[in-house]
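Those sequence lines, one after another, are chains A and B. At position 234 of the first sequence the residue is numbered 234 (our numbering), and the sequence of numbers has no breaks. At position 40 of the second sequence the residue is numbered 427 (our numbering), and the sequence of numbers has no breaks. Structure record follows, encoded as structure tokens.
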Amino acid sequence: MLNFLKIWRNEKSREIIVQIIVLIIFGWFISWLAGNVSGNFERLGKDLSFEFLFIPAGYDINQYLISYNNRDSHLRAAIVGLLNTGLVAICGIVIATIFGLFLGVLRLSKNWLANRIAYWYVEFTRNVPILLHILLWHGIIINTLPHPKQAIDIFDVSYLTNRGFYIPKPVAEAGIELFYLFTVLAIIFAILFSKYSRKRQEKTGKQFPVFWINLMVIIVFPCMALLLNNFPISFSIPELKGFNFRGGLHLSPELIALTFALAIYTAAFIAEIVRAGILAIHKGQREAAESIGLKPDRVMNLVILPQARRVIIPPLTSQYLNLTKNSSLAIAIGYMDLVATLGGISLNQTGREMETMVLVLLIYLCISLSISSLMNWYNYSVKLVDR
Amino acid sequence: MVFNKNNYAPGTHPDLPPPPGTVGVVGWFKNNLFSSLSNSILTLLSLYLLYLLIEGGLSWFVVDAVVDANDKPGCRKIADGACWAVIVKRFDQFIYGFYPLAERWRIDASFCLLFVAAAPLLYPDIKFRKYMLIFSCLYPFIAFILIKGGLFNLLMIETNLFGGAMLTLIIGVTSIACSLPLGILLALGRQSRLKLVKVISVCFIEFMRGVPLITLLFVASTMLNYFLPPGTNFNLLIRVIIMMTFFSAAYIAEVIRGGIQAIPKGQYEAADAIGLTYWQTTRFITLPQALKISIPGIVNTFIGLYKDTTLVVIIGLLDPLGIGRAALADTKWNGLSTETYLFVAVIFFVSCFAMSRYSLWLEKKLSTEHN
Numbered sequence: 001m002l003n004f005l006k007i008w009r010n011e012k013s014r015e016i017i018v019q020i021i022v023l024i025i026f027g028w029f030i031s032w033l034a035g036n037v038s039g040n041f042e043r044l045g046k047d048l049s050f051e052f053l054f055i056p057a058g059y060d061i062n063q064y065l066i067s068y069n070n071r072d073s074h075l076r077a078a079i080v081g082l083l084n085t086g087l088v089a090i091c092g093i094v095i096a097t098i099f100g101l102f103l104g105v106l107r108l109s110k111n112w113l114a115n116r117i118a119y120w121y122v123e124f125t126r127n128v129p130i131l132l133h134i135l136l137w138h139g140i141i142i143n144t145l146p147h148p149k150q151a152i153d154i155f156d157v158s159y160l161t162n163r164g165f166y167i168p169k170p171v172a173e174a175g176i177e178l179f180y181l182f183t184v185l186a187i188i189f190a191i192l193f194s195k196y197s198r199k200r201q202e203k204t205g206k207q208f209p210v211f212w213i214n215l216m217v218i219i220v221f222p223c224m225a226l227l228l229n230n231f232p233i234s235f236s237i238p239e240l241k242g243f244n245f246r247g248g249l250h251l252s253p254e255l256i257a258l259t260f261a262l263a264i265y266t267a268a269f270i271a272e273i274v275r276a277g278i279l280a281i282h283k284g285q286r287e288a289a290e291s292i293g294l295k296p297d298r299v300m301n302l303v304i305l306p307q308a309r310r311v312i313i314p315p316l317t318s319q320y321l322n323l324t325k326n327s328s329l330a331i332a333i334g335y336m337d338l339v340a341t342l343g344g345i346s347l348n349q350t351g352r353e354m355e356t357m358v359l360v361l362l363i364y365l366c367i368s369l370s371i372s373s374l375m376n377w378y379n380y381s382v383k384l385v386d387r
Numbered sequence: 388m389v390f391n392k393n394n395y396a397p398g399t400h401p402d403l404p405p406p407p408g409t410v411g412v413v414g415w416f417k418n419n420l421f422s423s424l425s426n427s428i429l430t431l432l433s434l435y436l437l438y439l440l441i442e443g444g445l446s447w448f449v450v451d452a453v454v455d456a457n458d459k460p461g462c463r464k465i466a467d468g469a470c471w472a473v474i475v476k477r478f479d480q481f482i483y484g485f486y487p488l489a490e491r492w493r494i495d496a497s498f499c500l501l502f503v504a505a506a507p508l509l510y511p512d513i514k515f516r517k518y519m520l521i522f523s524c525l526y527p528f529i530a531f532i533l534i535k536g537g538l539f540n541l542l543m544i545e546t547n548l549f550g551g552a553m554l555t556l557i558i559g560v561t562s563i564a565c566s567l568p569l570g571i572l573l574a575l576g577r578q579s580r581l582k583l584v585k586v587i588s589v590c591f592i593e594f595m596r597g598v599p600l601i602t603l604l605f606v607a608s609t610m611l612n613y614f615l616p617p618g619t620n621f622n623l624l625i626r627v628i629i630m631m632t633f634f635s636a637a638y639i640a641e642v643i644r645g646g647i648q649a650i651p652k653g654q655y656e657a658a659d660a661i662g663l664t665y666w667q668t669t670r671f672i673t674l675p676q677a678l679k680i681s682i683p684g685i686v687n688t689f690i691g692l693y694k695d696t697t698l699v700v701i702i703g704l705l706d707p708l709g710i711g712r713a714a715l716a717d718t719k720w721n722g723l724s725t726e727t728y729l730f731v732a733v734i735f736f737v738s739c740f741a742m743s744r745y746s747l748w749l750e751k752k753l754s755t756e757h758n
């Protein structure tokens with residue numbers, strides 16, 4: 001007994017004992033779960049197999065970025081779903097960032113009215129569940145927009161209807177390769193040029209108007225390619241044929257509602273992050289910058305933003321991740337994303353709950369973990385060096 | 388020259404009023420709305436936006452709205468605006484779900500008692516706090532018996548009759564109450580010196596935070612049975628509450644970890660120096676400070692959890708959103724989605740906004756900084 005007390009009172013050995021106890025309990029719990037799973041599988045005559053991924057899926061997906069029909073496999077259906085998730089996430093992130101920055105600037109504005117409008121917008125938006133946003137916008141598109149026959153006409157090339165939006169679709173023709181090539185070249189030039197001008201500035205103190213030059217190059221170069229090759233892009237314009245539109249690019253109500261709802265919901269959070277980030281910079285920084293005679297835009301670009309960026313980017317990324325995860329609510333309005341294909345119809349058709357759900361969970365986990373490890377790396381690289 | 392009219396001795400000149408246009412209403416307008424050209428344009432644009440909103444909104448929400456009608460065509464016959472009749476006719480369902488009419492006083496009673504139970508937790512200065520805390524501890528049992536029944540001659544109510552705002556409150560309050568202690572434990576586990584405890588906590592937290600809640604709810608509704616001994620079949624509502632609790636506990640753990648990491652090292656060294664054990668340090672040094680710092684984050688997580696309760700509609704529980712969708716599926720009300728969803732949105736906005744205001748108030752109250 002005394003011996004035991006002696007061991008227990010030694011910090012090192014106590015840590016080991018506690019860990020062993022934890023290990024035993026945890027191991028027992030895991031084996032209990034595993035035993036239950038194998039028992040249940042045996043009882044139901046099921047096995048754990050991923051072969052279902054390669055049999056024909058047999059269901060249609062109304063929107064696909066890679067070719068798909070119902071004779072393709074469940075695996076391909078899942079990839080189509082994953083790409084649809086990616087599409088919504090990327091569109092949503094771009095719109096949310098632009099809109100969120102705009103709102104954030106309004107929230108910081110000295111204009112009382114604009115400030116209040118932005119404030120109430122943010123409060124209303126973020127205190128309402130995202131699922132409601134999605135359903136509300138979907139309902140508005142489906143129930144209040146007109147039928148294709150009375151479509152809202154925008155300059156005779158785009159149409160808003162309750163079956164989605166129809167917009168012109170650029171079609172590449174022969175000779176488009178030069179355009180792609182020039183675009184890539186222009187981007188490479190822009191990157192090299194900004195590197196060079198930074199070096200030059202550090203050496204000589206002279207500056208180029210880098211942003212404007214790069215913008216010119218990126219716009220003019222590809223346009224030149226188009227002119228050289230007799231404009232190898234044509235537009236397919238939607239036309240009303242019978243009860244619906246033909247041609248053009250069709251954006252389904254689900255895609256629009258989901259993207260829009262995710263974007264405006266996330267924008268409200270981004271606005272607050274931007275505002276907090278800029279307010280987090282000490283007043284003295286701005287005053288010091290102004291007192292050495294920097295102009296307001298220089299104060300912002302050279303002093304405030306570089307410091308605010310450090311505060312803003314980590315929560316911003318987690319908002320991007322949230323948006324991506326929230327896109328899984330697509331299932332509520334029937335947009336075929338990863339959860340709706342693999343975790344929805346494939347699950348119901350094959351009856352393999354375990355395998356499909358494990359795959360879905362793993363895919364989301366991979367996305368999240370890779371983005372958050374990128375984030376950790378970024379945080380580490382911009383960390384203030386303490387002395 | 389005005390100033391030479393009287394010759395004041397140095398220091399005796401009376402204070403002159405501020406120049407006109409810098410104070411009062413005019414000054415305020417000038418400073419806040421029309422301080423520069425761009426600002427004036429922004430003001431005018433905002434005014435135009437407000438005008439559009441109010442003009443369109445008023446006619447749709449109020450002037451042309453119909454409150455009393457039996458179906459959608461009936462609404463449209465009277466006026467062209469919002470058809471609030473769908474809410475009015477089903478208002479009871481939005482609140483109580485399908486809970487039997489005669490037993491609804493039990494829901495009302497537990498709702499009122501919830502405030503009594505929550506008061507000593509929410510307002511630390513309240514009188515008789517000690518006695519009220521005893522009631523708070525008993526409240527979960529009282530509420531369970533009241534709502535579920537089966538004891539003291541109370542009729543047993545099946546959980547599939549639960550619905551509406553009451554279901555949201557049950558899921559929300561239970562998950563919030565359970566996830567805070569679990570979150571604290573996970574945060575402590577993640578900061579622990581014991582490698583194994585740390586690894587388990589990190590895995591749990593990262594897994595829960597890495598996947599969307601809806602997939603976890605699918606797990607709860609489709610495959611949780613595989614992990615339990617054959618024949619166990621427990622209630623979907625409880626499964627959902629467990630998953631919600633785990634999910635938000637992981638987020639709370641991260642928030643609290645931030646709070647723990649923000650405590651200066653000297654605090655621990657001081658605690659070690661006066662010979663406190665690990666649990667004493669945690670109880671008296673770490674947690675009081677860490678929890679105070681992380682209040683805004685914790686409340687934000689709670690608000691998020693409360694909003695996420697709407698997801699249960701996807702696995703077939705009838706929260707207000709589910710009731711709304713059921714109403715829309717009825718041919719009588721087909722197509723009134725805007726009205727229904729806006730009503731549910733208002734329910735959520737009111738409760739979430741109140742929570743965030745409370746968090747601001749508490750933050751200010753607990754702040755010991757000198758302002």
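Quick reminder that beta carbons are idealized off the backbone N, C-alpha and C, glycines included. Note that this is a predicted model, so its numbers are computed, not measured.
Problem set entry | leucine 113 of chain A versus arginine 516 of chain B: straight-line alpha-carbon distance, rounded | Computed Cα separation, rounded: 43 Å.
Exercise. Name the chain B residues that come within less than 7 Å of alanine 332 of chain A, Cβ to Cβ?
Worked result: Per Cβ cutoff of 7 Å: Ile701.
Exercise. Are alanine 523 of chain B and alanine 496 of chain B closer than 8 Å when you measure CB to CB?
Worked result: Inspection of the sequence shows that residue 523 of chain B is occupied by serine rather than by alanine. No. Outside cutoff.
Problem set entry | CB contact check: tyrosine 613 of chain B to chain A, cutoff 8 Å | Closer than 8 Å to the CB of tyrosine 613 of chain B there is at least one CB belonging to chain A.
Exercise. With contact counted as at least three CB pairs below 8 Å, one residue from each stretch, are the stretch 191-198 of chain A and the stretch 210-228 of chain A in contact?
Worked result: Contact between the stretch 191-198 of chain A and the stretch 210-228 of chain A is present: three or more C-beta pairs spanning the two stretches fall below 8 Å.
Problem set entry | Residues of its chain near lysine 325 of chain A, where Cβ-Cβ distance is below 8 Å and the 5 sequence neighbours each way are ignored | If we look at lysine 325 of chain A and ignore the five residues flanking it on each side, its Cβ neighbours are Tyr364, Ser368.
Exercise. How long is the line joining the alpha carbons of isoleucine 25 of chain A and valine 18 of chain A, rounded to whole angstroms?
Worked result: For isoleucine 25 of chain A and valine 18 of chain A, the gap between their C-alpha atoms comes out near 11 Å.
Problem set entry | the stretch 630-644 of chain B contacting the stretch 581-601 of chain B, beta-carbon criterion three pairs below 8 Å | Between the stretch 630-644 of chain B and the stretch 581-601 of chain B there are three or more inter-stretch CB-CB distances shorter than 8 Å, so the stretches are counted as touching.
Problem set entry | Three-state secondary structure assigned by DSSP to serine 109 of chain A | In the displayed model, serine 109 of chain A falls within coil according to three-state DSSP, outside both helix and strand.
Exercise. Under 8 Å between the Cβ atoms of alanine 472 of chain B and valine 454 of chain B?
Worked result: Yes. Within cutoff.
Exercise. Which of the three DSSP states, helix, strand or coil, is assigned to alanine 677 of chain B?
Worked result: In this structure, alanine 677 of chain B counts as helix in the three-state DSSP scheme.
For this session: Could I get the ranges of all uninterrupted alpha helix (DSSP H) runs contained in the stretch 453-501 of chain B, with 4 residues as the minimum, in chain order?
Result: You should have 459-465, 472-476, 478-483.
For this session: Note down, in chain order, every chain A residue with its Cβ under 7 Å from the Cβ of glycine 597 of chain B.
Result: Residues of chain A passing the Cβ test: Tyr364, Leu365, Ser368, Leu369.
Exercise. What whole-angstrom Cβ distance do glycine 550 of chain B and phenylalanine 485 of chain B have, given they're in contact under 8 Å?
Worked result: Cβ-Cβ separation between glycine 550 of chain B and phenylalanine 485 of chain B: approximately 6 Å, consistent with a contact (criterion under 8 Å).
Exercise. Per the contact definition of three or more C-beta pairs closer than 8 Å, is the stretch 555-569 of chain B in contact with the stretch 714-721 of chain B?
Worked result: With the cut-off at 8 Å, the stretch 714-721 of chain B and the stretch 555-569 of chain B do not touch.
For this session: Would you tell me roughly how many angstroms separate the C-alpha atoms of aspartate 706 of chain B and threonine 697 of chain B, rounded to the nearest one?
Result: For aspartate 706 of chain B and threonine 697 of chain B, the distance between alpha carbons rounds to 7 Å.
Exercise. Between the Cα of leucine 258 of chain A and the Cα atoms of A/Trp32, A/Arg116, A/Asp337, which residue gives the shortest distance?
Worked result: Sorting A/Trp32, A/Arg116, A/Asp337 by C-alpha distance to the C-alpha of leucine 258 of chain A places A/Asp337 at the top.
For this session: State the DSSP-derived secondary structure class of glycine 343 of chain A, mapped to helix, strand or coil.
Result: Looking at glycine 343 of chain A - three-state DSSP - the assignment turns out to be helix.
Exercise. Can methionine 357 of chain A and glycine 343 of chain A be called in contact, C-beta distance under 8 Å?
Worked result: Yes, the Cβ-Cβ distance between methionine 357 of chain A and glycine 343 of chain A is below 8 Å.
For this session: Tell me, please, whether the stretch 242-259 of chain A touches the stretch 164-172 of chain A by the rule of three or more beta-carbon pairs shorter than 8 Å.
Result: Under the three-pair Cβ rule at 8 Å, the stretch 242-259 of chain A counts as touching the stretch 164-172 of chain A.
Problem set entry | Whole-angstrom distance between isoleucine 474 of chain B and threonine 727 of chain B, CA atom to CA atom | In a straight line, the C-alpha of threonine 727 of chain B is about 7 Å away from that of isoleucine 474 of chain B.
Exercise. Any idea what DSSP makes of asparagine 426 of chain B, helix, strand or coil?
Worked result: Per DSSP, reduced to three states, the secondary structure at asparagine 426 of chain B is helical.
Exercise. Which residues bound the beta strand (DSSP E) around tyrosine 159 of chain A?
Worked result: Tyrosine 159 of chain A -> beta strand (DSSP E) spans 158-161.
Problem set entry | Every unbroken alpha helix (DSSP H) inside the stretch 183-254 of chain A [4 residues or more] | Segments of the alpha helix (DSSP H) lying fully in the stretch 183-254 of chain A: 210-228.
Exercise. Using a Cβ cut-off of 9 Å, which residues of the stretch 724-737 of chain B contact any Cβ in chain A, in chain order?
Worked result: Hits within the stretch, in order: Ser724, Thr725, Thr727, Tyr728, Leu729, Val731, Ala732, Val733, Phe735, Phe736, Val737.
Exercise. Short check: CB of glycine 646 of chain B to CB of serine 681 of chain B, under 8 Å?
Worked result: Going by C-beta atoms, glycine 646 of chain B is nearer than 8 Å to serine 681 of chain B.
Exercise. Can you check whether the CB of alanine 186 of chain A is closer than 8 Å to the CB of valine 217 of chain A?
Worked result: Yes, these two residues count as a Cβ contact at 8 Å.
Exercise. When you check each C-beta in the stretch 635-669 of chain B against every C-beta of chain A, which residues fall closer than 9 Å?
Worked result: Result list empty, no residue passes.
Exercise. How many Å lie between leucine 316 of chain A and valine 339 of chain A at the Cα?
Worked result: The straight-line gap from Cα to Cα measures roughly 24 Å.
Exercise. Per DSSP, isoleucine 167 of chain A forms a beta bridge with which residues?
Worked result: Paired residues: A/Leu249.
For this session: Determine the DSSP secondary structure at arginine 577 of chain B, reduced to helix, strand or coil.
Result: DSSP places arginine 577 of chain B in helix when its eight states are reduced to three.
Exercise. Near methionine 742 of chain B, what residues of its chain come up, given a Cβ to Cβ distance below 8 Å and the 5 sequence neighbours on each side ignored?
Worked result: Here the set comprises Val686, Phe689, Ile690, Tyr693.
Problem set entry | Beta-carbon neighbours of phenylalanine 26 of chain A, restricted to chain B and to distances below 7 Å | The answer, in chain order, is Ile587.
For this session: Measuring only between beta-carbons, confirm whether phenylalanine 605 of chain B sits less than 8 Å from chain A.
Result: A Cβ of chain A is located within less than 8 Å of the beta carbon of phenylalanine 605 of chain B.
Exercise. If the cut is a Cβ gap below 7 Å, which residues of chain A does cysteine 739 of chain B touch?
Worked result: Asn127, listed in chain order.
Problem set entry | Short-range partners of chain B found in the stretch 27-56 of chain A, where Cβ spacing is below 8 Å | Along the stretch 27-56 of chain A, the positions whose C-beta sits under 8 Å from a C-beta of chain B are Leu33, Asn36, Val37, Gly39, Asn40, Phe41, Arg43, read in chain order.
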